[in-house]
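Numbering (this note's numbering), first residue to last: 2 to 599. In this text, a Cβ means the ideal position worked out from N, Cα and C, and glycines have one as well. Given the structure is predicted, the values throughout are model-derived calculations rather than measurements.
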RNA sequence: GGGGUCGUAGCUCAAUUGGUUAGAGUAUCGGACUGUCGAUCCGAGGGUUGCGGGUUCGAGCCCCGUCGACCCCGCCA
């Protein structure tokens, strides 16, 4: 006997009278003494099963059922009696009149209730993820992810891209994130590293002649976690030969737009806007601004000299800036709202916020008396203030002020509901700098990665003013999140060595760590470039959430711990011996992260 | 590495200023009930207040440490 002959996808109200055998989970039993109801749930839906006086014994069988028992039910699909349909259920107009109920497996009481709307702590949901995913919200997120991956794969295949797998056991390379390491047994005192991305392999594939490659691939970075960062995550990785930036961007843009349209039903205007990196930093204080709302940053430095207010005047005199946000119609904000914004500014690293209310008679503020009247007028003009607006200004170093105001902007925009669910604002950030100065390390770092091609007209600047060199790189930004990023790569050995030199990777190190790439570049490497989508982030965006754990089947906590499996866990002495390694602090051997609530 | 919020019954939460025996909903167990669908009604059991220390006549509450969860900064080419 088969467990089932159809699923809840395979039945509909027009099937009334048909006898079916269904299998699934019991979701709630309602025992009325002379009549028993329960819901049967499978991957596709929920249907009500009834057990009454006929056939004999069926009611007693139904009475044995408890939540999450696995059952196989034989019964007839019947329309529900008049007035008893459940409009909240897709199959609410029918029910299954049970004739046979077989318990395939009972279930212990669950550690938490699966009902919709019941909040359960994230750690609990992770520990029992296999139960959590029985809930429609989690199930639907994973289904959406699968559908998105399928669409992406079909799209890229249709464009002639070849899917190639690259190694998970590779070698550690300097720069970038911390590697996850895998000690080698066969080669004592060496480690593989898990790939932070397939970057070098996809470049080698281009050199190997696969002019269009893609892969939906796991990447690993051992850095501290965030809501949108997991230690292992998935990229849609793409690389193309004989292309310029526009070619790569065109493919990526079409893919992103198609996914948004097919999966989220959102049609965005095409082609997407392109914003210069420097403009983004100036206007929004961010390299990934959320454009679902305006609130651009305006400059008022010119009004600051001689304005009378010391913090402003000295900032201007010392080469700093005075910049501000105009919040339309926010002059009526409460003391509390303003103080929340001031707190956010402090957290964002701003020394303080000068707050003005724009009134018909001019700018009003507790600090207005420190300003020359004409300065207040020019500040109002600089920020295009109109009556009813709230002005928030900060003074100091340009980078600090812009970044700080950018964060304040984000808080105001998101808190005041300017970013609406279902609203998608996607665009490109282009022309970022190739290099930036790393204060801590006292040297230059690659902004994107060290294989990024400078803009040809900027190449001479590598010798004179490297920080002014712009990269042929591009980021795709969706609702304030970087969902994809890529670049044209360096395909000439001499230029690659030069860039390594600038970011303080000396020739010997470069030869040792990247020798295989440098050598490959000498054997007829075609011009090439590519892009990688942060797949988890993108799916999360399609779903309208910021947290990627919701779209990952088995996510880890913010401390990279898996409450389900207990990973990372201790290993045996024997395993350590095989690998020829020992823990530096043997007293902590076998220490395992534990749930502090237990 | 740093900042913030939090940790009380299986789960989600409450507990006035530090004051008697730590409560509620839900889940679990037992009973009633023929149209429920978050069933309802009656009853029962269920607690080392994350862990360790301190202050106090007295600590769920205050202090110190520690473990853990989440959010953020640093970090994440």
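Among the options, nearest to residue i - alpha-carbon criterion
i           : options            : result
residue 86  : 122, 323, 49, 98   : 49
residue 575 : 525, 473, 186, 524 : 186
residue 502 : 351, 464, 352, 312 : 464
residue 211 : 305, 88, 173, 239  : 239
residue 206 : 165, 278, 97, 56   : 165
residue 539 : 479, 32, 268, 2    : 479
residue 461 : 488, 499, 474      : 499
residue 39  : 20, 57, 61         : 61
residue 409 : 126, 347, 83       : 347
residue 418 : 291, 398, 273, 75  : 291
residue 41  : 93, 84, 3          : 93
residue 415 : 201, 293, 138      : 293
residue 178 : 89, 197, 372, 138  : 197
residue 150 : 482, 553, 124, 567 : 553
residue 517 : 561, 535, 208, 369 : 208
residue 103 : 80, 82, 63         : 63
residue 440 : 485, 318, 504, 377 : 504
residue 105 : 69, 82, 116        : 69
residue 584 : 29, 272, 184, 425  : 184
residue 372 : 308, 406, 8, 53    : 308
residue 321 : 56, 99, 397        : 397
residue 361 : 370, 349, 377, 203 : 377
residue 280 : 572, 546, 400      : 400
Backbone CA spacing between residue i and residue j [nearest angstrom]
i           : j           : result
residue 169 : residue 234 : 13 Å
residue 412 : residue 338 : 11 Å
residue 522 : residue 432 : 25 Å
residue 435 : residue 24  : 58 Å
residue 134 : residue 285 : 38 Å
residue 636 : residue 11  : No answer is possible for residue 636: the residues shown for the chain start at 2 and end at 599.
residue 528 : residue 453 : 12 Å
residue 389 : residue 147 : 48 Å
residue 487 : residue 531 : 6 Å
residue 267 : residue 427 : 11 Å
residue 565 : residue 216 : 28 Å
residue 333 : residue 157 : 51 Å
residue 15  : residue 119 : 34 Å
residue 526 : residue 489 : 13 Å
residue 374 : residue 394 : 17 Å
residue 288 : residue 430 : 7 Å
residue 423 : residue 261 : 11 Å
residue 442 : residue 263 : 46 Å
residue 456 : residue 496 : 12 Å
residue 351 : residue 446 : 25 Å
residue 599 : residue 344 : Residue placement at residue 599 cannot be trusted, given a pLDDT of 45 that sits under 50; the coordinates are not used to answer.
residue 137 : residue 96  : 20 Å
residue 534 : residue 153 : 11 Å
residue 331 : residue 391 : 5 Å
residue 506 : residue 512 : 10 Å
residue 304 : residue 379 : 6 Å
residue 587 : residue 562 : 21 Å
residue 515 : residue 174 : 8 Å
Per DSSP, the bridge partner or partners of residue i
i           : result
residue 22  : 75
residue 358 : 365, 391
residue 242 : 529
residue 324 : 300, 395
residue 455 : 472
residue 436 : 447
residue 49  : 40, 96
residue 4   : Answer by DSSP bridge pairing: none, since residue 4 is not bridged.
residue 352 : Partner(s): none; residue 352 has no beta bridge.
residue 193 : 183
residue 234 : 220
Residue i Cβ short of 7 Å to the ligand PLP heavy atom set
i           : result
residue 377 : The ligand content of the structure shown is nil, which means the ligand PLP is not present either.
Curious, which full-length beta strand (DSSP E) runs of at least 3 residues does the region 470 to 539 contain? 474 to 479, 482 to 489, 529 to 535
Using 8 Å as the cut-off, can you tell me whether the region 221 to 234 makes contact with the region 546 to 558, which would need three or more C-beta pairs spanning the two stretches below that distance? yes
Beta strand (DSSP E) runs contained entirely in the region 390 to 426, provided each spans 3 or more residues: 391 to 397
Which runs of the beta strand (DSSP E), 3 residues or longer, sit entirely within the region 198 to 229? 213 to 221
Let me know the beta strand (DSSP E) ranges lying completely inside the region 267 to 306, each 3 residues or longer, listed in chain order. 275 to 277, 298 to 300
Three or more beta-carbon pairs under 8 Å between the region 347 to 362 and the region 297 to 313, yes or no? yes
Three Cβ pairs or more, each shorter than 8 Å: is that satisfied between the region 372 to 391 and the region 284 to 303? yes
So, do the region 138 to 155 and the region 103 to 111 have three or more beta carbon pairs nearer to each other than 8 Å? no
Mind the definition here: the region 465 to 485 touches the region 243 to 253 only if three or more C-beta pairs lie below 8 Å; say whether that holds. yes
When the Cβ atoms of the region 23 to 37 are set against those of the region 70 to 86, are three or more pairs found closer than 8 Å? yes
Where are the alpha helix (DSSP H) runs, 4 residues long or more, that stay fully inside the region 85 to 141, in chain order? 123 to 128, 130 to 133
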